[in-house]
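In our numbering, the protein residues as written are -9 to 100. Have a look at the structure below before the remarks.
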Amino acid sequence: MRKGFEGLYGLVRDRLQRDPLSGHVFLFCNAQRNRLKLLVWDRSGLWVCAKRLAKGRFHWPESAAGEATVFLSHEELAMLLGGIDLAQTRPRRWYRHAVAREPEIAQKPA
């Protein structure tokens, strides 16, 4: 887990084939699963946050066969960061209203 801003940005862009400036949260863990880094763009700059566990490991969710990515809801992300094994949980049926995309901000010429 030696990667910083540029290294994680490159992983997202080149390996995951995603846009690092999309506003999505990208989460990475080391092989021992006791450290993780989070990369997110907040429309003014990149954030890199790190967490190292003193004891234990994160229970990383399994990806589909051949997939490099796992998509998590914000609730699942909070549970993962809180040490909850997502494989041991089951979601209840719940109504979730689809969120509309934010309108593009028109740029005024300088």
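Positions of the beta carbon are idealized from the N, C-alpha and C atoms, including for glycine.
Can you name, in chain order, every residue of its own chain whose Cβ lies under 8 angstroms from the Cβ of SER101, other than the five neighbours on each side?
-> Any question about residue 101 goes unanswered here, given that the chain covers just -9 to 100.
Collapsed DSSP secondary structure at PHE48 in the structure displayed | It is coil, neither helix nor strand.
Along the chain, which unbroken stretches of the beta strand (DSSP E) at least 3 residues long are found entirely within the region 6 to 35?
-> Qualifying beta strand (DSSP E) stretches, in chain order: 16 to 19 and 25 to 31.
Which residues in the same chain as LYS3 place their Cβ atom closer than 7 angstroms to its Cβ, once the five residues preceding and following it in sequence are excluded?
-> In the sequence on display, residue 3 carries Arg and not Lys. The beta carbon of ARG3 is closer than 7 angstroms to those of PRO10 in its chain, skipping five residues each way along the sequence.
By the 10 Å Cβ neighbour count, where 16 or more other Cβ atoms means buried, how is LEU29 classified, buried or exposed?
-> Classification for LEU29: buried.
Same chain only: Cβ atoms within 8 angstroms of LEU36, ignoring 5 sequence neighbours per side | Answer for LEU36: PHE(-5), TYR(-1), PRO10, LEU29 and VAL30, listed in chain order.
Within 10 angstroms of its Cβ, does ALA96 collect 16 or more other Cβ (buried), or is it exposed?
-> Because the pLDDT at ALA96 is just 49, under 50, the model does not fix this residue reliably, and the value given afterwards should be weighed accordingly. ALA96 comes out exposed.
CB-CB under 6 angstroms to CYS39, same chain, minus the five flanking residues each way: which ones, in chain order?
-> Excluding sequence neighbours, CYS39 sits near LEU28.
Please confirm whether ARG23 and ARG47 have their CB atoms less than 8 angstroms apart.
-> With respect to ARG47, ARG23 sits close: the two C-beta atoms are nearer than 8 angstroms.
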